[in-house]
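Trainee:
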Amino acid sequence: MRTVVLTKGVPDFREGQVSFDEDGHLERGKTPTVMNPNDKQALRAAFQTKVRHGGTVSLMSMGPPGYKEVLEEGMRDVYADDLYLFSDREMGAADTWATAMTIATGIEHLGEEPDLIVAGFKTADGETGHTGPQTNWCFDINENLADRPLITHVIAMDVDEEAGTVRAKRLVEGDVSEIETVEADLPAFVVTDGEFESSYRTASQRLTYKDLREETQARADDIDLEEDVTVWNHEDLNLDPDFIGLDGSPTIVSGVDPIPKAPSEREAQVVEPGDEEGMNDVLEAVTPYAGGD
Amino acid sequence: MTETDDYEHYEAVVVGCGPGGAAAAAALANNDVETLVLERGVDAGSKNVSGGLVYAEESSPYTIDDLFPDFREEATERPTTENYIHNVAGDQVASFDISSLHHHDSEWSDAVLRRKMDSWLAERVHEMTRETGGGLLTEVRVNGLLRENGEIVGVTTSELDPIKADLVVAADGVNSELARDAGLMDWEDPDEWFQGVKAVVEMDPEDINERFGIEEGEGHAHLFSGDLFDGVRGGGFLYTNEDSLSIGTVFHLDSLTEEEAEPHELLDNLLTHPLLAQWLGDDYEELEYSAKLVPDSKKAAHPSPHQDRLVLVGDAAGQMQAQGPIIKGMNHAVTAGALAAEAFVDAKARNDPHAAGDLYEQKLRDEGVMEKLRPRSYRTLGKLAEADPISKVTDAVADSAIGRAGVNLLGPGILERLFSSPRMMAVMPDTRTPYVTIPTIIAEELGERVDADNTVEPPELDDRIGDLTYDVGDPHIELVDNSFEASGTAVTACPVSAKDFGGGCYRDEHVKTNGSEEHLVSLDTQPCVECGTCAVVADTHWEHPDGGKGVEYKQG
């Protein structure tokens, strides 16, 4: 089993990490870049396949050299056998289409067709959810890799190596959310949902999980980002600069509106502890709520 | 019928990675037995509490450092180099050196904190068992026995599919769900149990050395009895760790319930006694409050702790020896675990692996473990003294002019020797006389007044609960009968509940219904420390929380 997982570095939007300037613009320089949280679910799905069926998990991204640390984070926090980064200036400022084209070509360049490609459901910054499915589309355009089924919103999955199939549960959201079980031939392209959950129901799976987690953490601890991440530029991938990066991006951003701050729903009134009358008012105001009522 | 042929199979499954489980697993792995160890805590030791001194007995066929060579260097706190018992009456204290009792049959004994100790053991156990094709898994709660045609063939868990095994070692502690599932142990009689509560108190190593007059690599064990526990039968202890003290109390559960005593208040009686001022200073910082049940092996140790492929070791089998004031449990769990492993290896060599249980029982007898746990001398002398009319007379005589004269006549030297006699301590009856009356008289007649100002203000119960770490899962205890009559004892006996305290597990309530008033008990399992007290004293359906859920001790 060869599994490829796609990931992107995104600003760490957790409280205390993210910085905005006075106009509400994200301050990239002050905000750390982390692995897109949804992509960790994709990596967990791939890791589960590795635990159950063995094989190789390759973690892949396109972006600036700093994304090597994002790949390392995936290796440390979940699992990866090897790391790939597609990176040079020509690839910069790409929209989802130019990104998909670059990644699809990068996967073809591996030389071994993956049985499974797994992407996470949308990035925390772009929020489009396009790149995964478009990458699969690009395989058809390039015609180097076989046409493969695309399964999205996957919350649970397993492969049947003998039958050469993947079986997945999909969360189909509508007025009433439903769970749909589907089966597809390998090789396949899977997009995990944010609700994806790994499942290890046997002791031997959990023991293998534990071994592999120790192993991947040890590898992440010893990693040399220059040596251990395979970096390919557009020439390595034989990509025409006109079809990648900013030039290859059909998306035109006409403008960016900052999201206005939500108005506070509460009105605060400051009462100094020494202000006896004020404190009495506070006491009166909270008394009805005492005793858990 | 369930199809069990597809289930995973291991030669041995060990449930619980305390010292008993760890010893069993290590001994099995040393004999190339494919061994899977299942531990329900997030880490081994996160569910475990001991006083705790661990002993290595000279007479024992296995000690923990036999099985885990670097154990003392890596996993323990300070060795106990001096031992004292303090008889207390008000602020009068008579202290005896009982080091010879402590050192009797003892190669060494060290203070331990269970999180550190058990998690270290678990790492070794995983390395050893992984070599056999098995290994150790945490956060897996074994919740029952897997049976085939009525015979035990493995275990069921909350997290994994059922697992078959040729040997199931139940080392799942004092509240063993497996022992109960097999019908080997029950939680019926409070007089078969002690309850211990403990505070781990932070202290700089240099302060410990100075306050106890010791050096690095030395440690103290102090025991306390007399009138400082409101007449409840039991005593207190204080052990020195590397950079903390373990201070606690252990009481007969039936006495706690009869007196309707609040365990945390009895602990506070000890913490605030003037005698402790010299050690606690005025910078008391409690790191952790904990509690556990302790089986009284004299009554609870199962003489035949096995059934089909199941063997019980350690607390799960009631193998906890109270030798007067000294409590020995972990060493017996280690011996039992290793003997169970030995029995399986012998049985396997005879091509009859399922005979391991009988062999284990025989080894427990032949190696003298059962005699230590259920001494013949106690069965005659101790039991006799517990008969109600006799115990009342004894208590009255001890407290009379004659008794007091006797104490003075014997004097401290002989009394110290009596307290230091393993034989005397083994026959000590479970009555008020040795726990309360005699120590109080000794203190009154021979003691000196301790004139010190103890400034310790122990935390309130809600702060103690608030400082514990919990991952709250589904409620794991169900109150079967919520009348105060059936379950009201839990309100006081539960170490994280108290009368007039709304934040604990158990609360009593007066509910008005159609003209009458009912006295009921309500239960909230969120603050539960999983000691099992309410399983014995109240009418409950009691289970452990699922793997990784519930309380997580950092000290233990």
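Line by line, the protein sequences are chains G and Y. In terms of this note's numbering, the first sequence is residues 1197 to 1489. In terms of this note's numbering, the second sequence is residues 4 to 559. Virtual Cβ for every residue (Gly too), placed ideally from N, Cα, C. It should be emphasised that the depicted structure is a prediction, and the values quoted were computed from it without experimental measurement.
Where do the ends of the beta strand (DSSP E) carrying Met-562(Y) lie?
Mentor: Nothing in the structure corresponds to residue 562(Y), since chain Y is present only between 4 and 559.
Trainee: How is Lys-557(Y) classed by DSSP in three states: helix, strand or coil?
Mentor: Here residue 557(Y) refers to the residue found at position 554 of the second sequence. If DSSP states are grouped into helix, strand and coil, Lys-557(Y) belongs with coil.
Trainee: Let me know the secondary structure DSSP gives Gly-380(Y) once reduced to three states.
Mentor: On the second sequence, residue 380(Y) is found 377 positions in, with the first residue counted as 1. The sequence shown places Ser at residue 380(Y), rather than the Gly named in the question. Helix, per DSSP.
Trainee: Leu-418(Y) and Leu-449(Y): beta carbons closer than 9 Å?
Mentor: As a working mapping, residue 418(Y) is identified with position 415 in the second sequence. As a working mapping, residue 449(Y) is identified with position 446 in the second sequence. Closer than 9 Å, so yes.
Trainee: Let me know the secondary structure DSSP gives Tyr-1275(G) once reduced to three states.
Mentor: Reading the first sequence from its first residue, position 79 is the one you call residue 1275(G). Correct three-state label for Tyr-1275(G): coil.
Trainee: On the criterion of 16 or more Cβ atoms from any shown chain inside 10 Å, does Thr-1412(G) qualify as buried, or is it exposed?
Mentor: Here residue 1412(G) is taken as the residue at index 216 of the first sequence, counted from 1. Flag for Thr-1412(G) reads buried.
Trainee: Residues of chain Y with a CB under 7 Å from the CB of Leu-1400(G): which are they?
Mentor: Numbered from its first residue, the first sequence carries residue 1400(G) at position 204. It should be noted that the sequence gives Ser, not Leu, for residue 1400(G). Residues of chain Y passing the Cβ test: Glu-11.
Trainee: Val-1355(G) by DSSP, collapsed to three states: which one?
Mentor: Indexing the first sequence from 1 puts residue 1355(G) at position 159. Strand at Val-1355(G).
Trainee: Would you check if the region 529-542 of chain Y and the region 85-97 of chain Y touch, i.e. whether three or more CB-CB distances between them fall below 8 Å?
Mentor: Not touching, per the Cβ criterion.
Trainee: Let's see if you can read the secondary structure: which residues bound the beta strand (DSSP E) around Tyr-58(Y)?
Mentor: Working through the second sequence from its first residue, we reach residue 58(Y) at position 55. Its beta strand (DSSP E) spans residues 56-60.
Trainee: Can you tell me whether DSSP reads Thr-543(Y) as helix, strand or coil?
Mentor: As a first step, residue 543(Y) must be located in the second sequence, where it is residue number 540. DSSP places Thr-543(Y) in strand when its eight states are reduced to three.
Trainee: Consult DSSP for Phe-99(Y) and reduce its assignment to one of helix, strand or coil.
Mentor: By one-based count along the second sequence, residue 99(Y) stands at place 96. Note: Phe-99(Y) maps to strand in three-state DSSP.
Trainee: Smallest Cα separation from Ala-320(Y): which of Pro-306(Y), Gln-326(Y), Ile-330(Y) and Asp-311(Y)?
Mentor: Position 317 of the second sequence, counted from the start, is the residue given in the question as residue 320(Y). Nearest option by C-alpha distance: Pro-306(Y).
Trainee: In chain G, what lies closer than 7 Å to Leu-39(Y) by C-beta?
Mentor: Taking the first residue of the second sequence as position 1, residue 39(Y) is located at position 36. By Cβ distance, chain G contributes Ala-1399.
Trainee: Determine, for Lys-1406(G), whether the minimum Cβ-Cβ distance to residues of chain B falls below 9 Å.
Mentor: Protein chains in the displayed structure are G and Y, and chain B is not among them.
Trainee: Within the continuous beta strand (DSSP E) that includes Glu-1376(G), where are the two ends?
Mentor: In the first sequence, residue 1376(G) corresponds to position 180, counting from 1. Note, Glu-1376(G): beta strand (DSSP E), 1374-1381.
Trainee: Along the region 158-185 of chain Y, where does the CB come closer than 7 Å to a CB of chain G? Name the residues.
Mentor: Per Cβ criterion, the list reads Leu-163, Asp-164 and Ile-166.
Trainee: Count the other CB atoms within 10 Å of the CB of Tyr-1485(G); is the residue buried (16 or more) or exposed (fewer)?
Mentor: Along the first sequence, read from residue 1 onward, the residue named residue 1485(G) stands at position 289. It counts as exposed.
Trainee: Report yes if the CB atom of Gly-317(Y) is closer than 9 Å to the CB atom of Thr-252(Y), and no otherwise.
Mentor: Against the second sequence, residue 317(Y) aligns to sequence position 314. Against the second sequence, residue 252(Y) aligns to sequence position 249. No, the pair does not count as a contact, with Cβ atoms beyond the cut-off.
Trainee: At 7 Å on the CB atoms, spell out the chain Y contacts of Leu-1479(G), in chain order.
Mentor: Your numbering for residue 1479(G) matches position 283 in the first sequence. Within 7 Å Cβ-Cβ: nothing; Leu-1479(G) doesn't reach chain Y, min ~21 Å.
Trainee: I want to verify the contact list: residues of chain G whose CB lies under 7 Å from the CB of Leu-31(Y), in sequence order.
Mentor: Position 28 of the second sequence holds residue 31(Y). None at all; the shortest Cβ gap to chain G is about 15 Å.
Trainee: Per the DSSP calculation, Glu-481(Y) is bridged to which residue(s)?
Mentor: Locating residue 481(Y) in the second sequence gives position 478, counting from the first residue. Answer is His-544(Y).
Trainee: Using 8 Å as the Cβ pair cut-off and three pairs as the minimum, do the region 1225-1235 of chain G and the region 1253-1269 of chain G touch?
Mentor: With the cut-off at 8 Å, the region 1225-1235 of chain G and the region 1253-1269 of chain G touch.
Trainee: How would you write the range of the alpha helix (DSSP H) that Tyr-1405(G) sits in, first residue to last?
Mentor: Within the first sequence, residue 1405(G) is the residue found at index 209, counting from 1. Tyr-1405(G) -> alpha helix (DSSP H) spans 1399-1417.
Trainee: Tell me the rounded alpha-carbon separation between Tyr-473(Y) and Gln-529(Y).
Mentor: Here residue 473(Y) corresponds to residue number 470 of the second sequence, with the count starting at 1. Here residue 529(Y) corresponds to residue number 526 of the second sequence, with the count starting at 1. Roughly 8 Å separates the two Cα atoms.
Trainee: Is the number of C-beta pairs between the region 271-290 of chain Y and the region 210-225 of chain Y that are closer than 8 Å three or more?
Mentor: The region 271-290 of chain Y, when compared against the region 210-225 of chain Y, does touch it at the 8 Å Cβ threshold.
Trainee: At a Cβ cut of 8 Å, what residues of the region 130-158 of chain Y count as close to chain G, listed as they run along the chain?
Mentor: Answer set for the region 130-158 of chain Y: Arg-133, Gly-137, Gly-138, Leu-140 and Val-143.
Trainee: State yes or no: is the beta carbon of Tyr-1275(G) nearer than 9 Å to at least one beta carbon in chain Y?
Mentor: Taking the first residue of the first sequence as 1, we reach residue 1275(G) at position 79. Taking Cβ atoms only, chain Y never reaches closer than 9 Å to Tyr-1275(G), which makes this a no.
Trainee: Just to confirm, is the Cβ distance from His-12(Y) to Ile-250(Y) under 9 Å?
Mentor: For this step, residue 12(Y) is matched to residue 9 along the second sequence. For this step, residue 250(Y) is matched to residue 247 along the second sequence. Going by C-beta atoms, His-12(Y) is not nearer than 9 Å to Ile-250(Y).
Trainee: Measuring straight from C-alpha to C-alpha, what distance separates Val-1214(G) and Glu-1304(G)?
Mentor: Your numbering for residue 1214(G) matches position 18 in the first sequence. Your numbering for residue 1304(G) matches position 108 in the first sequence. Looking at the two C-alpha atoms, the distance is approximately 36 Å.
Trainee: Would you say the beta carbon of Gly-1444(G) is closer than 8 Å to some non-hydrogen atom of the ligand FMN?
Mentor: You won't find the ligand FMN in this model; it holds no ligand whatsoever.
Trainee: Would you check if the region 162-179 of chain Y and the region 73-83 of chain Y touch, i.e. whether three or more CB-CB distances between them fall below 8 Å?
Mentor: Contact between the region 73-83 of chain Y and the region 162-179 of chain Y is absent, because fewer than three Cβ pairs lie under 8 Å.
Trainee: Measure the C-alpha to C-alpha separation of Ala-303(Y) and Leu-187(Y) and round it to an integer number of angstroms.
Mentor: The count along the second sequence starts at 1 and reaches residue 303(Y) at position 300. The count along the second sequence starts at 1 and reaches residue 187(Y) at position 184. Roughly 11 Å separates the two Cα atoms.
Trainee: Look up His-89(Y) in the DSSP assignment and give the residues it is bridged to.
Mentor: Stepping through the second sequence from its first residue, residue 89(Y) is reached at position 86. For His-89(Y), which the question treats as bridged, DSSP gives the partners Ser-98(Y) and Phe-227(Y).
Trainee: Which residues does DSSP pair with Glu-289(Y) in a beta bridge?
Mentor: Your numbering for residue 289(Y) matches position 286 in the second sequence. DSSP, once it has assigned bridges, lists Val-204(Y) as partnering Glu-289(Y).
Trainee: Can Lys-50(Y) and Gly-476(Y) be called in contact, C-beta distance under 9 Å?
Mentor: Sequence index remark: in the second sequence, residue 50(Y) carries index 47 (1-based). Sequence index remark: in the second sequence, residue 476(Y) carries index 473 (1-based). It is not a contact, given that the beta carbons lie outside the stated cut-off.
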